[in-house]
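Here the numbering used here is used: the first residue of the sequence shown is 409, the next is one more, and so on.
Heads up: the structure comes next, in structure tokens.
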Amino acid sequence: MDMNSVVDDVLENIEKSDNPNRPSRKEAEAAVRTLISWAGDDPAREGLIETPKRVVKAYEEFFAGYEEDPDLVLGKTFEEVEGYDDMVMLRDIDLESHCEHHMVAILGKAHIAYVPTSKVVGISKLARVIEIYAKRLQTQETMTAQVADSINRVLAPKGVAILIEAKHQCMTTRGIKKPDVATITTQFTGVFKEDPNMERRFLSMIRGY
Ligand SMILES: [Zn+2]
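Written out as structure tokens, the structure is:
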């Protein structure tokens with residue numbers, strides 16, 4: 409047994425103790441070999457030998473969001489607002505996710521705003537919340553609602569606005585093959601829902617005004 413496989417076995421046991429129902433890394437790699445054969449290639453071919461290992465590692469990155477709790481990330485708030493009572497907005501947050509129907513990439517941008525009450529959060533935390541939900545198997549609609557819900561639940565702001573614009577590779581590279589179609593989803597709560605002027609300001613700020 410070489411050093412790498414000893415390390416693999418130790419990591420395996422740690423993962424197992426976290427979630428006994430989770431398939432082992434070796435089982436996950438075997439599943440990738442099955443898919444390579446299904447695609448029509450030979451998993452034993454030299455260029456493909458290490459591929460199952462790499463794919464499983466890539467999956468760890470793509471789906472890292474299952475390991476994290478967005479509410480905990482947002483829970484670290486700074487209470488002092490110092491008289492600030494307008495929206496806080498993050499524009500053009502890069503979004504990388506995977507659709508739950510085809511496990512193919514969804515790539516786009518997210519824009520989020522909220523109007524704080526007493527609780528203000530570090531701005532990078534909002535981007536982290538998007539990332540945590542994005543690094544799971546998703547639909548764009550569900551992800552949009554989950555981000556708004558999480559911010560509402562933890563920060564209890566006067567309102568939340570979120571707009572996600574993304575291209576789904578399951579639509580651009582297969583199926584109906586419409587490479588330019590962007591899917592846009594929005595969720596508005598509180599003041600953004602009640603006051604059309606707030607909604608308008610949010611939308612025009614996305615365009616840079
Ligand atoms: Zn899809």
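Beta carbons are placed, not taken as given, at the ideal position from N, Cα and C, and that holds for glycine.
Computed from a predicted model, the values in this text were never measured in an experiment.
Near ligand 1: residue i beta-carbon under 8 Å from a heavy atom
i	result
M606	no
M579	yes
V589	no
H510	yes
H576	yes
Helix, strand or coil at residue i [DSSP, three-state]
i	result
E405	Lying outside 409 to 617, the shown extent of the chain, residue 405 is not represented and no answer is given.
F600	helix
F486	strand
Beta-ladder partner(s) of residue i, from DSSP
i	result
A574	G516, T591
Y522	V496, V568
Q363	The shown model of the chain, from 409 to 617, leaves out residue 363, and the question about it has no answer.
Proximity to residue i [Cα-Cα], best of the options
i	options	result
V568	K575, D557, Q577, H576	D557
M613	E602, V589, V440, M495	M495
Y467	Y522, R582, R433, G448	R433
Nonlocal neighbours in the same chain, by C-beta distance under 8 Å from residue i, ignoring five residues either side
i	result
Y492	P524, V528
K586	M579, T580
Cut-off 7 Å between Cβ atoms - residues of its own chain near residue i, not counting five sequence neighbours on either side
i	result
R479	A small fix is needed here, since residue 479 is Asp in this sequence, not Arg. Hits under 7 Å: S558, R561, V562.
K517	D500, I501, D502, L503, E573
Cβ shell of residue i (< 6 Å), same chain only, five flanking positions each side left out
i	result
Q595	T552, A553, A556, I570
H519	R499, L571, I614
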